[in-house]
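Colleague: Heads up, the numbering used here is the position in the sequence shown plus 23, with the first residue counted as 1.
In this text, a Cβ means the ideal position worked out from N, Cα and C, and glycines have one as well.
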Amino acid sequence: MNMNFRRGYHAPGDNWHNRGVGAESAFCHDWRCQDCQRLLGKDDGAQMRIRRKPLDYVVGFPVYATCPNCGALNAKTKA
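#1: Which whole-angstrom value describes the C-beta separation of Phe50 and Lys65, a residue pair presumed to lie in contact below a C-beta threshold of 8 Å?
#2: What is the DSSP secondary structure of Asn97, reduced to helix, strand or coil?
#3: Based on the DSSP output, what are the partners of Gly83 in its beta bridges?
#4: Hey, would you say Asp58 sits closer than 9 Å to Ala95, going by beta carbons?
#5: Who pairs with Asp53 in a beta bridge, going by DSSP?
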């Protein structure tokens with residue numbers, strides 16, 4: 024039994040389970056490692072989002088990152 028959910032807590036028609044979807048979809052262009060094609064981040068044209076659990080970075084361009092899979096140095100300039 025989930026003790027955090029209280030019946031009637033959300034207003035009817037309130038799509039509380041869809042909140043934040045717009046913020047996630049803004050970063051829609053993949054940035055992948057040039058050697059192994061592992062996903063390094065996503066960008067929206069102005070900023071890059073890099074997620075490495077438990078950290079979440081939003082940075083400006085240019086971006087340099089070492090691939091956690093193969094160790095290759097990757098660079099991304101503003102698209």
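Modeller: Result, derived from the coordinates:
#1: 4 Å
#2: It is a strand residue.
#3: According to DSSP, which records beta bridges pairwise, Gly83 is partnered with nothing at all.
#4: Taking a C-beta distance under 9 Å as the contact criterion, Asp58 and Ala95 qualify as a contact pair.
#5: Answer is Lys65, bridged to Asp53.
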